Amino acid sequence: MYSVHFAAVCDRGLRRQSNQDRAWADLEHRVFVVCDGVGGSRGGEIASQTAIETVQDAFFTPDENPPVVRLGRAVHYANRDIYEMAKHDLDLAGMATTIVALYLENDTAYVAHAGDSRLYKFSNDALTQVTIDHSAVQDAVRHGELSVEEAVLMPKTNEITRALGVFPEVEVETQEFRFQSGVRFLLCTDGITRHVPNAELEALMREYRDDPQGLCDRLHFLCYERGAEDNLTALVVRIDPEGAAPMPAPATNGSLGRSGDSSPHTSGKFSRREISLAPQSFPPERSTGEFHPLKEHVEKRRARWRRGMLLGSLATVALVILAFWLGGAHFSTVEKWFGGGQPKQPPTNAELFDIARRDFQEGNLSAARTQIEVLVKREPKKAEYRVLLGQILIREKKYAEAVRELDTATKDAPKLADAWLHLAAARQMTGDKAGAEAAMKQYAAVTSGS
Numbered sequence: 000m001y002s003v004h005f006a007a008v009c010d011r012g013l014r015r016q017s018n019q020d021r022a023w024a025d026l027e028h029r030v031f032v033v034c035d036g037v038g039g040s041r042g043g044e045i046a047s048q049t050a051i052e053t054v055q056d057a058f059f060t061p062d063e064n065p066p067v068v069r070l071g072r073a074v075h076y077a078n079r080d081i082y083e084m085a086k087h088d089l090d091l092a093g094m095a096t097t098i099v100a101l102y103l104e105n106d107t108a109y110v111a112h113a114g115d116s117r118l119y120k121f122s123n124d125a126l127t128q129v130t131i132d133h134s135a136v137q138d139a140v141r142h143g144e145l146s147v148e149e150a151v152l153m154p155k156t157n158e159i160t161r162a163l164g165v166f167p168e169v170e171v172e173t174q175e176f177r178f179q180s181g182v183r184f185l186l187c188t189d190g191i192t193r194h195v196p197n198a199e200l201e202a203l204m205r206e207y208r209d210d211p212q213g214l215c216d217r218l219h220f221l222c223y224e225r226g227a228e229d230n231l232t233a234l235v236v237r238i239d240p241e242g243a244a245p246m247p248a249p250a251t252n253g254s255l256g257r258s259g260d261s262s263p264h265t266s267g268k269f270s271r272r273e274i275s276l277a278p279q280s281f282p283p284e285r286s287t288g289e290f291h292p293l294k295e296h297v298e299k300r301r302a303r304w305r306r307g308m309l310l311g312s313l314a315t316v317a318l319v320i321l322a323f324w325l326g327g328a329h330f331s332t333v334e335k336w337f338g339g340g341q342p343k344q345p346p347t348n349a350e351l352f353d354i355a356r357r358d359f360q361e362g363n364l365s366a367a368r369t370q371i372e373v374l375v376k377r378e379p380k381k382a383e384y385r386v387l388l389g390q391i392l393i394r395e396k397k398y399a400e401a402v403r404e405l406d407t408a409t410k411d412a413p414k415l416a417d418a419w420l421h422l423a424a425a426r427q428m429t430g431d432k433a434g435a436e437a438a439m440k441q442y443a444a445v446t447s448g449s
């Protein structure tokens, strides 16, 4: 018998505007999950929160399969939820999340992961990196193309090759292994590991062996000291003999994060295997695209945006009227300003682009397309115009035309991330899976700064 305690930190860091990381700890059922949302303003926080909530629902659904299969399938369900949500909502296109999940049953640990969020095990004074990142560099190590020592020196170590929500199916890596009382587990996002290498992590785990909250606080401090350019999350799980002294820990189980390298040790034997295919069937309500756990949250976010636009417009009108009133302007002067008297100047390209984007966001696709086609004729090399035209064509289900416009945009502006992202979506809609994957790789390369 043993007791389980946990401590956590989940912080947006110093340079991000929002926190797209999420952590979930359920002491009663001994399930622990960490996610790192991807997608910027397109909803990385929605992807990571959806993953957390879907895993909760799916893992605890009665099932006769062994725990490692149930955990892997729960992650597959999360992938499908995120993918379907983004497919039916272009505001969320491109959102995705990494995940690492740990389930403890008796003396066996079950793990599922996709991406570069990690699980570490600390026992017998040694740290073991249990999961291996799904990244271009680590894939090269897996295939024998790079040694571990060479991999440490390679650039672009944060370019991931797997994430939930990018495609209808994802390869989820699962494993299981035995553990003993006294072990410590660390689940964390790359916001931690990019600043704290494994050798230093091992020293810290040793120093804070009996103080997980102290370890979280120290990791938090070190990341801030070293720049904290990304969201950062650490979830420490302490396994002790039954009756061991309790430790300070978060007050309740639940989800965190809503607010704002040295070669690892290889000790320990792990039974590693791949689940390459998704389950044959999904719950109907999750595969239609008409339901997702955060639909209400998404609608509230949109309502806030619309309300902000309305209030901003009203405030502008009020300021204009106030300015005329304070200046003693007569009604005729105001009427002349607003009603005529002077010939109207045609809108500039920037103004017309703003009008087209607003029409697109409000669903006036025909008006938006008419305006943006004018701009494309005026400035055929302006990639931003073709990207918006491609989005409109996707919304109109004219996928082949969208591919042509977006392909031109990527040639005119190869560093424009949005062009690659929407090109991937358009190619996916035409059935060109290989082309979609190639576009997503270019998107990842651009957003990572390579």
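In case it helps, numbering that gives the first Met the number 0 puts the sequence shown at residues 0 to 449.
Quick reminder that beta carbons are idealized off the backbone N, C-alpha and C, glycines included.
Since the model is a prediction, treat every value here as computed from it, not as a measurement.
| said: With DSSP as the reference, identify every bridge partner of L163, one or two as the case may be. | reply: T96
| request: Identify every residue that forms a DSSP beta bridge with E104. | output: T107
| query | Name the DSSP beta bridge partners of Q128, please? | reply | Y119
| task | Provide the residue span of the alpha helix (DSSP H) that contains L221, from first to last. | result | P211 to E224
| request: Could you check how far apart the C-beta atoms of M94 and G38 are, in whole angstroms? I think they sit under 8 Å. | output: 4 Å
| request: With DSSP as the reference, please indicate the residues paired to V37 in a beta bridge. | output: A95
| task | Would you mind stating whether V67 and A111 have Cβ atoms separated by less than 9 Å? | result | yes
| said: Using a Cβ distance threshold of 8 Å, determine whether the region 41–61 contacts the region 88–103, with at least three qualifying pairs required. | reply: yes
| task | Out of D10, C9, M439 and L26, state which residue places its alpha-carbon closest to the alpha-carbon of R237. | result | L26
| query | Between the C-alpha atoms of Y82 and L318, what's the straight-line distance to the nearest angstrom? | reply | 44 Å
| request: Indicate whether A438 and L422 have their beta-carbon atoms separated by less than 9 Å. | output: yes
| Run of the alpha helix (DSSP H) containing R403, from where it starts to where it stops | Y398 to D411
| Would you say the region 98–114 touches the region 15–33, given that touching needs at least three Cβ pairs under 8 Å? | yes
| request: Buried or exposed for D115, please, with buried defined as at least 16 other CB atoms from any protein chain shown within 10 angstroms of its CB. | output: buried
| request: Could you spell out the range, first to last residue, of the alpha helix (DSSP H) harbouring A384? | output: Before going further, note that residue 384 is Tyr rather than Ala in the sequence given. Here the alpha helix (DSSP H) through Y384 covers A382 to R394.
| DSSP state of F178 mapped onto helix, strand, coil | coil
| said: For a quick check, are the C-beta atoms of L158 and A443 less than 9 Å apart? | reply: The displayed chain sequence assigns Glu, not Leu, to residue 158. A contact, by the Cβ cut-off of 9 Å.
| Anticipated Cβ contact below 8 Å, S180 with Y1, distance rounded | 4 Å
| request: Report the option in L234, R205 and H142 whose CA atom is closest to the CA atom of H219. | output: L234
| query | Could you give the residue range of the alpha helix (DSSP H) that holds Y76? | reply | P66 to K86
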